[in-house]
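Take the sequence shown: its letter number 113 is residue 113 in the UniProt record's numbering, and every next letter is one higher. Beta carbons are placed, not taken as given, at the ideal position from N, Cα and C, and that holds for glycine.
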Amino acid sequence: MRVGRKKLKQILETIAVMFPEAKGELDWEHPFQLLIAVILSAQTTDKAVNKITPQLWLKYPRIEDLANAQLSDVEDALRTIGLYKNKAKNIIKTAQIILSDFDGQVPKTHAELETLPGVGRKTANVVLGEIYGIPSIAVDTHVSRVAKRLNISAPDADVTQIEADLMAKIPKKDWVITHHRLIFFGRYHCLAKNPKCATCPLQDSCLYYKENIKKKA
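Following this line, the structure appears as C-alpha cells:
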C-alpha cells in the first residue's frame with residue numbers, strides 16, 4: 001500500500017527541515033536563459049551546465065543571436081556536456097521558433113512549450129514553475145528515485161504516474177517547493193549509489209532501507 005497524504009506530509013516536513021533553502025540550481029537571468037539551461041541539463045548535471053552557460057550567454061546575448069548562430073559554433077560551446085550535438089540543434093531551433101511563433105516570449109503553457117525541440121514534460125514543468133510561478137512538479141531522476149524508495153509511487157511507475165501521484169497527494173500551492181526539496185533530498189542525501197541511509201531520518205518510511213540495509217543488518 002502506497003504512502004497516504006498524512007504520512008507524506010510528515011515525510012515532506014522532515015525533508016523541508018533538512019533542505020530549507022532548496023531551489024533551482026541552474027544559473028539564469030531571464031526566462032529564455034532558463035529555458036535553454038534546462039534543455040541543456042538533460043542527462044547532464046546542473047553544475048556542468050553552469051560551467052558553460054556564462055560563455056554561451058556572452059556569445060549569444062539575445063534570442064536573435066542564438067537563432068542565427070552557426071551550428072558548429074554552438075556545438076563547440078557545448079562540447080563538454082552530454083549529447084552536445086543534438087542539444088546544439090535543439091537550442092538554435094528553439095530560439096527560431098520562439099521568435100517566429102511566440103513573439104520572442106517563452107511560452108506559458110505545457111502544450112506550447114512541448115512544441116519546442118528538446119522540451120518534454122519535465123522541462124516544461126520546470127519552466128512554468130520557475131518563470132511563471134505556475135504550480136508544477138517536474139519529475140527528474142532524483143524525484144523518481146525518492147518517490148519509489150519512500151513508497152509514494154510504485155516501483156515500476158513511470159514519470160507521468162509519479163507526477164500524478166505527487167500532485168494528488170500534495171496541495172497545489174506546495175508543488176514547486178516540494179519539487180525542489182525532493183531534488184535536493186535525492187541529489188545530496190538519497191543518492192542513487194551509496195545513499196546516506198545510516199543518518200537518514202526517514203528510515204521507517206524507506207523501502208530501500210528496509211530491503212537493502214535493515215534486512216542485511
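Do the CB positions of residue i and residue j come within less than 8 Å of each other?
i           : j           : result
residue 116 : residue 94  : yes
residue 151 : residue 202 : no
residue 181 : residue 15  : yes
residue 3   : residue 205 : yes
residue 59  : residue 71  : no
residue 159 : residue 122 : yes
residue 50  : residue 76  : no
residue 18  : residue 189 : yes
residue 162 : residue 139 : yes
Select from the options the residue whose C-alpha is nearest the C-alpha of residue i.
i           : options            : result
residue 179 : 75, 20, 207        : 20
residue 173 : 144, 210, 154, 134 : 134
residue 211 : 164, 165, 155      : 155
residue 169 : 105, 209, 137, 197 : 137
residue 69  : 52, 32, 91         : 91
residue 25  : 199, 161, 183, 85  : 183
residue 67  : 54, 121, 101, 22   : 101
residue 130 : 8, 22, 34          : 34
residue 64  : 57, 194, 96        : 96
residue 29  : 57, 52, 46, 214    : 57
residue 99  : 83, 62, 86, 84     : 62
residue 23  : 6, 126, 157        : 126
residue 197 : 104, 54, 149       : 149
residue 84  : 109, 44, 103       : 44
residue 194 : 213, 176, 47       : 213
residue 1   : 161, 166, 153      : 153
Evaluate the contact criterion for the stretch 35-54 versus the stretch 108-126: three or more CB pairs, one atom per stretch, below 8 Å. yes
Quick check on the DSSP output: what are the complete alpha helix (DSSP H) runs of length 4 or more inside the stretch 85-125, in order along the chain? 110-113
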